[in-house]
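Residue numbers (my numbering): 37 to 602. C-beta: ideal position from N, C-alpha, C; glycine also. What follows is a set of notes on a single structure, which appears directly below.
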Amino acid sequence: MRNFRINAMTVLVLGLNVAVVNATDGNILNITTTDPDNANKIIEATNVKGRPGHTAVGQQNQIYSIPDSENGFVNIQGASSAIGNQNVAKGYNANAVGIQNDAYGAHSQSFGSRNRVYGDFSMGFGAGNMIGAQPPRDLDGNNKIPAKDIVTDKNTQSGVAFGINNIVLGDETLALGLHNYVNGANSMAVGSDATSNGFYAIALGPASLAGAAEKEDNSKIYSPIAIGYSAHATATETIAIGSEAKASADDAVAIGKSATSTGERSTALGDSANAKDGNSVALGSGTITREATQENEATVNGIKYSGFAGHDPLSVVSVGSDKTETYTQEQSGYTVTIKPHTRQIINVGAGKISATSTDAINGSQLYMIAEQVGKNKKLIDNISTLSSSAKVEAGDNIDVETHDDANQVKTYKVSTKKDIKANSYTINNSSIKIDQNGINAGNKKVINVANGENDNDAVNVSQLNKVKSDMANNTKAINTLNKKVHDVDRKSRAGIAGVAAIASAPSARKDGKSMVSTGVAHHRGESAIAIKASRNSDNGHWSTNVNGAADTRGQFTVGAGVGYEW
37 MRNFRINAMT
47 VLVLGLNVAV
57 VNATDGNILN
67 ITTTDPDNAN
77 KIIEATNVKG
87 RPGHTAVGQQ
97 NQIYSIPDSE
107 NGFVNIQGAS
117 SAIGNQNVAK
127 GYNANAVGIQ
137 NDAYGAHSQS
147 FGSRNRVYGD
157 FSMGFGAGNM
167 IGAQPPRDLD
177 GNNKIPAKDI
187 VTDKNTQSGV
197 AFGINNIVLG
207 DETLALGLHN
217 YVNGANSMAV
227 GSDATSNGFY
237 AIALGPASLA
247 GAAEKEDNSK
257 IYSPIAIGYS
267 AHATATETIA
277 IGSEAKASAD
287 DAVAIGKSAT
297 STGERSTALG
307 DSANAKDGNS
317 VALGSGTITR
327 EATQENEATV
337 NGIKYSGFAG
347 HDPLSVVSVG
357 SDKTETYTQE
367 QSGYTVTIKP
377 HTRQIINVGA
387 GKISATSTDA
397 INGSQLYMIA
407 EQVGKNKKLI
417 DNISTLSSSA
427 KVEAGDNIDV
437 ETHDDANQVK
447 TYKVSTKKDI
457 KANSYTINNS
467 SIKIDQNGIN
477 AGNKKVINVA
487 NGENDNDAVN
497 VSQLNKVKSD
507 MANNTKAINT
517 LNKKVHDVDR
527 KSRAGIAGVA
537 AIASAPSARK
547 DGKSMVSTGV
557 AHHRGESAIA
567 IKASRNSDNG
577 HWSTNVNGAA
587 DTRGQFTVGA
597 GVGYEW
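In structure tokens form, the structure reads like this:
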């Protein structure tokens, strides 16, 4: 170590170097050295008397004051440090530790090797990280532009980089890992080669991309989220989760390996699911959507049906593929071939049947229709058999006409005579009277009554029994529903008690302290107990807690939280 002497306690310089100070009021005095060529430097420090000290330890470290346009150089308040070799610290409480690190800005921190930190409250830990837009200095330790000309208030504020060769541009940003790139306020990139290039963007995973692919333009993309290897969310409000998942249109969602959503407001869920049409939904592995079609009429066996409800749909929900399709996966370049396949949609509730209903119909409803069609066919077959052997004769009040058509089919025309003569009808020795007042059945049963259909038709006992059965089933269903609602109510009350118990448990209040606490709560007949563990960081910026609760319904509630205070 070279010999030197410092008679003021405001500055400390150690190493093969010297403190070179422009002290205008004599507060830093009598600094000597025998080797000024490899000097640590505390430069342009004025009026430092009574302020916390600055520290330079090692070789060729520099601590700068902050330039002021009107008064020249102003105070460096706080304890700035440059420790190691060729480090530069400039700003209130700025610290640069290691080799060739820069820390420009109030409370800026640069630890490791060749980290470049330009901005207030910004931090770089590791090697080769860049925070802020200023150019790095040359490898010999000289800045490409004078350090005193670098304006830190125009650089990244509160940017953080952990790892190697990360680049952080934008306020309140975070890069964690290797070769990650963040450009845009309130964004983060975690992993390796992850890119977060938009505002409020999140990229988690190797080669993930949240925002614009071109790093020069991120101004139009907000809130993209990409999670997974090579997941790409490249438009506003997009979500891509899974290896090589891709969401490239506004409000699109792609979840699953190689899932792709290229239509606006589309959703793809499953391995290689492809929602390529706006507002469409692809459910399941290998599912592909298509454009919706208008369906207002159909012809079956020569009969035309029309006037369908919901004939002009907005989009489609697909659960399979009707043909073979091949497309190239953008991130990997692999060719994906989807073969035709279908899926059953099971456990479907009965849809409403009406002229305006657009509900799905389940199998039981179709079975009822098919059963009735079968009965109708049997009736028609019986009539056909009867017509081939029947002999029709006219009676007192009936006329019958017979003729053959071109196909030798005999046709009977049966009609009542203009005048029907009958005094009375006797059934089982009981007189039935029909006159202008109605039908008098003599207090006897009317049997073999067909099912009524129209408003004025008579109904039979079977129809009444069905109504009675339906009402009983409805009553049972209502009772079951009431029990379920009651169970849900009790569980929800217990859950609320659990949340209240967690909230009641206190947290650590002092910096650097931990606390384990418990809380109890009662809500509308249900109770819960909670345990919470909390910890405040030594510097008071970070606060974490983990908590759990158990309630009287046997439910467990867990939670965790982390916060950063500045």
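### Rounded C-alpha distance that separates VAL93 from ASN575
24 Å
#### Entry: VAL503, enclosing alpha helix (DSSP H) - first and last residue
497-540
### Query
For GLN95, does the three-state DSSP call read helix, strand or coil?
DSSP, read as helix, strand or coil, puts GLN95 in strand.
### Query
For the candidate residues GLU601, SER390, ALA585, whose alpha-carbon lies nearest to that of TRP578?
GLU601
### Task
With ILE397 as the anchor, note down where its beta strand (DSSP E) starts and where it stops.
No beta strand (DSSP E) contains ILE397, which DSSP labels as neither H nor E.
### Task
Determine the DSSP secondary structure at VAL36, reduced to helix, strand or coil.
No information on residue 36 is available, as it lies outside the stretch 37 to 602 that the chain covers here.
### Task
Assuming THR325 and LYS312 form a contact by the criterion Cβ under 8 Å, report the distance between their Cβ atoms to the nearest whole angstrom.
6 Å
#### Entry: Pairwise C-alpha distance: ASN121 and THR272
45 Å
### Query
Taking contact to mean at least 3 C-beta pairs separated by less than 8 Å, is the region 495-515 in contact with the region 528-542?
no
#### Entry: Three-state secondary structure (DSSP) of TYR236
coil
### Query
From this set, GLY410, ALA536, GLY548, which residue's C-alpha is nearest THR554's C-alpha?
ALA536
### Residue closest to ILE261, alpha-carbon to alpha-carbon, out of ALA243, TYR236, VAL556
TYR236
#### Entry: Per DSSP, cross-strand counterpart(s) of TRP578
As a beta-bridge residue in DSSP terms, TRP578 pairs with TYR600.
### Separation of THR511 from ALA221, as counted between CA atoms
Rounded to whole angstroms, ALA221 to THR511 spans 59 Å at the Cα level.
### Task
Measuring alpha carbon to alpha carbon, tell me which of GLY213, ASP207, ASP229, LEU214 ends up nearest SER223.
Selected option, being the one with the closest Cα: ASP207.
### Query
Got a sec? Which residues, its chain only, sit under 6 Å from GLY561 by beta carbon, not counting five neighbours each side?
none
### Where GLY410 sits in the DSSP three-state scheme
helix
### Query
For the beta strand (DSSP E) that contains PHE161, what are its first and last residues?
159-163
### Task
Could you tell me the distance, in whole angstroms, from the CA atom of ALA246 to the CA atom of ILE275?
ALA246 and ILE275 have their C-alpha atoms spaced approximately 9 Å apart.
### Task
Taking only the alpha-carbon atoms, compute the straight-line gap between THR438 and LYS411 and give it to the nearest angstrom.
THR438 and LYS411 have their C-alpha atoms roughly 29 Å apart.
### Task
Go through its chain and collect everything with a Cβ distance to ILE135's Cβ below 6 Å, but skip five positions before and after it.
Closer than 6 Å at Cβ, skipping near neighbours: GLY120, ASN121, SER149.
### Message
For a minimum of 3 consecutive residues, which ranges assigned as the beta strand (DSSP E) are wholly contained in the region 188-217?
### Response
196-200, 203-205, 210-214
### Query
Whole beta strand (DSSP E) runs in the region 248-318 with 3 or more residues, listed along the chain?
261-263, 275-277, 289-291, 303-305
### Coil, strand or helix - LEU245 by DSSP
strand
### Query
CB ASN583 to CB ALA566, shorter than 8 Å?
yes
#### Entry: Beta-carbon proximity of ARG301 to ALA309, cut-off 8 Å
no
### Query
Is ASN501 buried or exposed, if buried means 16 or more other CB atoms sit within 10 Å of its CB?
Residue burial is scored here from C-beta neighbours: ASN501 has fewer than 16 other C-beta atoms within 10 angstroms and is therefore classed as exposed.
### Query
Ends of the beta strand (DSSP E) at LYS568?
562-572
### Query
Near LEU350, which residues of its chain fall below 8 Å by C-beta distance, leaving aside the five closest residues on each side in sequence?
ASN315, ALA328
### Task
Give me the Cα-Cα distance between THR298 and ALA318, rounded to the nearest whole angstrom.
11 Å
#### Entry: Cβ neighbours of ALA569 in the same chain (closer than 6 Å, five flanking residues each side left out)
VAL552, VAL582
### Message
So the candidates are THR323, TYR128, THR394; which of them puts its Cα closest to the Cα of THR373?
### Response
THR323
### Query
DSSP beta-bridge partners for VAL133?
As DSSP reads the structure, VAL133 sits in a beta bridge with ILE119, PHE147.
### Task
Drop a sphere of 10 angstroms on the beta-carbon of ASP138, count the other beta-carbons inside from all chains shown, and report buried for 16 or more, exposed for fewer.
Buried, by the Cβ-count rule.
#### Entry: First through last residue of the beta strand (DSSP E) which encompasses ASP156
Premise fails: ASP156 is in no beta strand (DSSP E) and is neither H nor E.
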